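Encoded as structure tokens, the structure appears first; notes follow it.
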Amino acid sequence: MSTLLRTFRLLLALVALFGLALVATPATTPASAQQPSTVNPTKDAVSEDQLLNQMRILNGRGTIPDVKSYNLEQPGGRDWRHFQDVVLPWVGAISILGMLALLVVFYLIRGMVRLEGGRSGRTIVRFNAFERFIHWMTATCFVILAITGLNITFGRKLLLPLMSPDAFTAWSQAGKYAHNFLSFPFTLGVVLILLTWIAWNLPERTDIEWLKKGGGLMGDEHVPAGHFNVGQKAIYWIVVLGGGVMAATGYMLMFPFALTDVAGMQTTAMVHGIAAVLFVAIMIAHAYIGTIGMEGAFEAMGTGTVDLNWAKQHHSKWVEEEVAKGRGVAPPRGVRATPAE
Ligand code: HEM
């Protein structure tokens, strides 16, 4: 019996020893994976990614005084790249092409808003030379800023396949200079528009009626309005506030890190990009209504005068005010104004 017990104990000890040996031995791996010379980029990338996400930032070493340049990677930078490569082009394409599509549909349904009853032959001054100058200076700068800005977002995808790399580089470099330098007259124009037209863009009682009737845009009803109606006041405030945001973020991008750190720079670039594409989409609608959308409107910014019938149809309250002040209405064409005795 004792011999049996001893044999059983010996067996148990052997099993325990074998088990211990099994646990202590490292798991066997294929010979190829043990080769230290084998490059496994996926594995490296995974560990780099893990490292990045654990540390939130990867820094190298450098010799130049700007220590920010030692930063190699940071998760915010990847989000920013995703925004530049994917989010912004999509938001831009949807808003700009969407606006163009909307205007085409609107034009097909409504057509040009006609001058009812034709022209009276009498004109009224709508914008003086200074006002037209600041409008066209701001508008010209805006169009060039828009084209050269959109080139940064869409140029490589849309233009590079159509031209040589050298030509695209030259165009993009010239575009960047234009974008930087035209920001100054554009900002000046926005400030002058703010100061010159603010009195005409404050809320009025007639605005509520104009809004209720949808500006008479779909019917033939005349909705009274002052010098600017609600739609135009909206354009004014979009230009002033949107232009302000574009200028502020633009100068922060032009003078990097002057006011903020890398995270702030990324946010600034995102705000600049999104505000820009929305701004462009809205100004396309503005240019539509100022040209093919409404008969007789372009003259206001072209020659500075509009036909009296146009003024009565779209801005009756303003005409009443001007007539009451005894100014602005020119006699019918061909009839000379008689000088006062
Ligand atoms: C490039 C094409 C453009 C055209 C054809 C155009 C045309 C016009 C016209 C005809 C008016 C006078 C409307 C009226 O008498 O009631 C006007 C007004 C105005 N424009 Fe433009 N414009 C253009 C671009 C711009 C741009 C790029 C800006 C600013 C960034 C701008 C800002 C304004 C403002 C603030 C007004 C006064 C409010 C209003 O009438 O909507 N315009 N524009």
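Residue numbering for the sequence shown follows the working numbering, starting at 692 and increasing by one per position.
Every residue gets a Cβ at the ideal spot worked out from N, C-alpha and C, and that includes glycine.
Values in this document were obtained by computation on a predicted structure and should not be read as measured data.
Phe824 has its alpha-carbon roughly 24 angstroms from the corresponding atom of Arg813. In chain order, the residues that have a beta carbon nearer than 6 angstroms to some heavy atom of the ligand HEM are Arg817, His826, Thr829, Ala830, Phe833, Val834, Ile884, Phe919, Gln923, Ile926, Tyr927, Val930, Met974, His977, Ala978, Gly981, Thr982, Ala988, Phe989, Ala991 and Met992.
Sequence-distant partners of Arg805 (beyond 5 residues in either direction) whose C-beta falls short of 8 angstroms from its own C-beta, in its chain, are Glu986. As DSSP reads the structure, Asn762 sits in a beta bridge with Asn750.
Per DSSP, Asp857 is one residue of the alpha helix (DSSP H) stretching across Pro856 to Trp888.
The three-state reading of DSSP puts Thr844 in helix, counting H, G and I together. When the beta-carbon positions are compared, Met992 and His773 stay at least 8 angstroms from each other. Between the C-alpha atoms of Ser863 and Thr839 there is a straight-line separation of about 8 angstroms. From the listed residues Ala960, Gln1004, Ala1015 and Trp891, the smallest Cα separation to Leu779 is found for Ala960. By the neighbour-count criterion, in which 16 or more other beta carbons inside 10 Å mark a residue as buried, Gln741 falls on the exposed side.
Its Cα nearest to that of Met828, the residue Thr878 stands out among Thr878, Lys1008, His977 and Met943.
Ile815 carries a strand assignment under DSSP once its states are collapsed to helix, strand and coil.
Selection Phe845, Ala949 and His870 evaluated against Ile835 yields His870 as nearest (Cα-Cα).
Between the beta-carbon of Thr996 and that of Ala1021 there is about 7 angstroms, and that keeps the pair under the 8 angstroms contact cut. The Cβ atoms of Asn892 and Lys924 lie closer than 8 angstroms to each other. For Val962, the enclosing alpha helix (DSSP H) covers residues Val953 to Ile980. Excluding sequence positions up to five before and after Gly934, its CB lies within less than 6 angstroms of the CB of Val881, all in the same chain and listed in chain order. Looking at the DSSP output, Ala1002 sits in no beta bridge, so it has no partner there. Scanning His913, Asp898 and Asp857 for the CA closest to the CA of Gly922 turns up Asp898. According to DSSP, residue pairing for Thr996 in a beta bridge involves Val816.
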